[in-house]
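Following the UniProt record's numbering, the numbering of the sequence shown begins with 1 at its first residue and continues without gaps. Below is one structure, written out as structure tokens; comments come after it.
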Amino acid sequence: MTIDPIIEAAFGPAPANVDLTESLVLTNDVVAIILLVVAALAVFLRLLVRRLSRAGLGWDDWAIIVALIFNVGAVGMVAATGAYGSGKHIWAVTSTELVMAAKILFFYTFVLGFCLSFNKLSILLLYRRIFDSQVDKNDVFFGISLWTAAVFTVTIPFVLIIVMVCACQPTSHYWNQFGGASGTCTVETGTFFWTYGSINAFMDFLILITPIPSILRLQMSKKKRVAVCGMMLLGSFVFIVSIIRAVKMYKFAHSIDMTWLMGEICVWSSIEPSVGIVSACLPNLRPIFGKLRGAVSSKSSRNTYIANNSMGSRGNWSQKPGSTVAKNHGSVYKREDEVQLTNLADSSNEDVNQQSIREHC
């Protein structure tokens, strides 16, 4: 394979142990598209649940829609950078391709930044809608964590824009430098990227733990408390992905083979927002899971009924007067159309003062 002389002059000769035919492009594109489809499906089901329950869209719903729109753009730009060498070794890329890849990466930073921010903002708005009126107003941790995360979430995309625009003079030198154009860069963008990645990972962790203390103090059974905490911790995978992406950014800042690392960053950058969108939608999809569970329970009950009758077990499934068994196709399941984080009142008429948090879907 012939190496572009400009690339060889700038990055040195290709190491003997590097296979210049290697490519991450196809893998990156497939992963990005599949996860985008999953994220879009999650948002669609979320909106469907809201519509069927006749509940209007909240600010958290609008935020996740905007995040999905930015994610579509981000996935498209991942495919575009791959077409110009991202995911290939630097010595397998021409200087012209590298200029285009760097140019797309420049704008991709903004699109991804806004995508992640709106994703986080959706989760924070969901927390506020669910918890704000229920938790103790003296809960300092919840208030500080929520507002700290909100401030960082809103400001970080604009910090990205300012730093990237001012990193090189002229701004176009950020990508034209790889074609031999004159100009200067005063900001080490590689270091800035991994610093941003580290802050992003910290914000994911902060958002992850923000509601946990409030949940643990609510009046609920231990089983339900564990279940709710588990639901909230679904975002832990996003936190892990953000750490991996930060590590890749650090390697990118200190690697000569920049286009290869650029490909690795792009694939993890595709995973993080899509998985984040799905995680943000899962609490709203609980009614769907409840209906599916009820359908499975109903089918199982009917099968058991048929089996018992075939063995002559009459009366085992007969409904007695005053029975509390639901007559919905013989199924027995709880009324769970909402996410309820505290114990429901029992069947008696006692005046129980309950503190409940319900996600109206």
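Even glycine gets a Cβ: it sits at the ideal position worked out from N, Cα and C.
Span separating the alpha-carbon of residue i from that of residue j
i, j, result
"Asn17", "His89", "12 Å"
"Phe202", "Met100", "32 Å"
"Leu285", "Val43", "10 Å"
"Val25", "Ser198", "25 Å"
"Ile7", "Asp60", "46 Å"
"Tyr108", "Met262", "12 Å"
"Ala40", "Ser182", "43 Å"
"Thr171", "Val165", "6 Å"
"Thr186", "Arg128", "40 Å"
"Ser95", "Ser23", "17 Å"
"Trp175", "Met258", "13 Å"
"Ile271", "Val72", "13 Å"
"Lys103", "Leu47", "35 Å"
"Ala63", "Asp4", "45 Å"
"Ile215", "Gly58", "22 Å"
"Ile244", "Ile130", "31 Å"
"Phe65", "Thr2", "It is Ile, not Phe, that sits at residue 65 in the sequence shown. Roughly 46 Å between the two C-alpha positions."
"Gly56", "Leu126", "14 Å"
"Val31", "Met249", "19 Å"
"Leu105", "Phe142", "36 Å"
"Val75", "Gly276", "14 Å"
"Ala167", "Gln177", "12 Å"
"Val247", "Leu35", "21 Å"
"Val78", "Gly87", "10 Å"
"Ile156", "Ile265", "19 Å"
"Pro273", "Tyr196", "15 Å"
"Glu97", "Asn28", "18 Å"
"Leu146", "Trp268", "26 Å"
"Leu45", "Leu20", "43 Å"
"Asn200", "Ile144", "18 Å"
"Thr184", "Phe70", "31 Å"
"Leu124", "Arg217", "19 Å"
"Gly179", "Trp260", "18 Å"
Three-state class that DSSP yields for residue i in the structure shown
i, result
"Ser122", "helix"
"Ser86", "coil"
"Thr96", "helix"
"Val2", "For the record, residue 2 in the displayed sequence is Thr; it is not Val. Thr2: coil per DSSP, three-state reduction."
"Pro13", "coil"
"Gly58", "coil"
"Leu20", "coil"
"Ser179", "It should be noted that the sequence gives Gly, not Ser, for residue 179. Residue state, collapsed to three classes: helix."
Run of the alpha helix (DSSP H) containing residue i, from where it starts to where it stops
i, result
"His254", "Neither: His254 is in no alpha helix (DSSP H) and is coded neither H nor E."
"Pro213", "212 to 216"
"Asp29", "25 to 52"
"Trp175", "173 to 176"
Residue i - partner residues in DSSP beta bridges
i, result
"Cys168", "Cys185"
Min CB distance residue i to chain C below 7 Å
i, result
"Thr186", "Judged by its chain identifiers, the structure shown contains no chain C, having just a single protein chain."
At least 3 beta-carbon pairs within less than 8 Å: the segment 233 to 247 vs the segment 202 to 213:
yes
Counting Cβ pairs closer than 8 Å, one from the segment 6 to 15 and one from the segment 82 to 98, do we hit at least three?
yes
Three or more C-beta pairs below 8 Å linking the segment 98 to 118 and the segment 144 to 160
yes
Answer yes if the segment 75 to 85 comes into contact with the segment 41 to 56, meaning at least three C-beta pairs across the two stretches below 8 Å, and no otherwise.
No, they do not touch.
Using 8 Å as the Cβ pair cut-off and three pairs as the minimum, do the segment 115 to 124 and the segment 183 to 191 touch?
no
Hey, is the segment 274 to 281 in contact with the segment 243 to 256, meaning 3+ C-beta pairs nearer than 8 Å?
no
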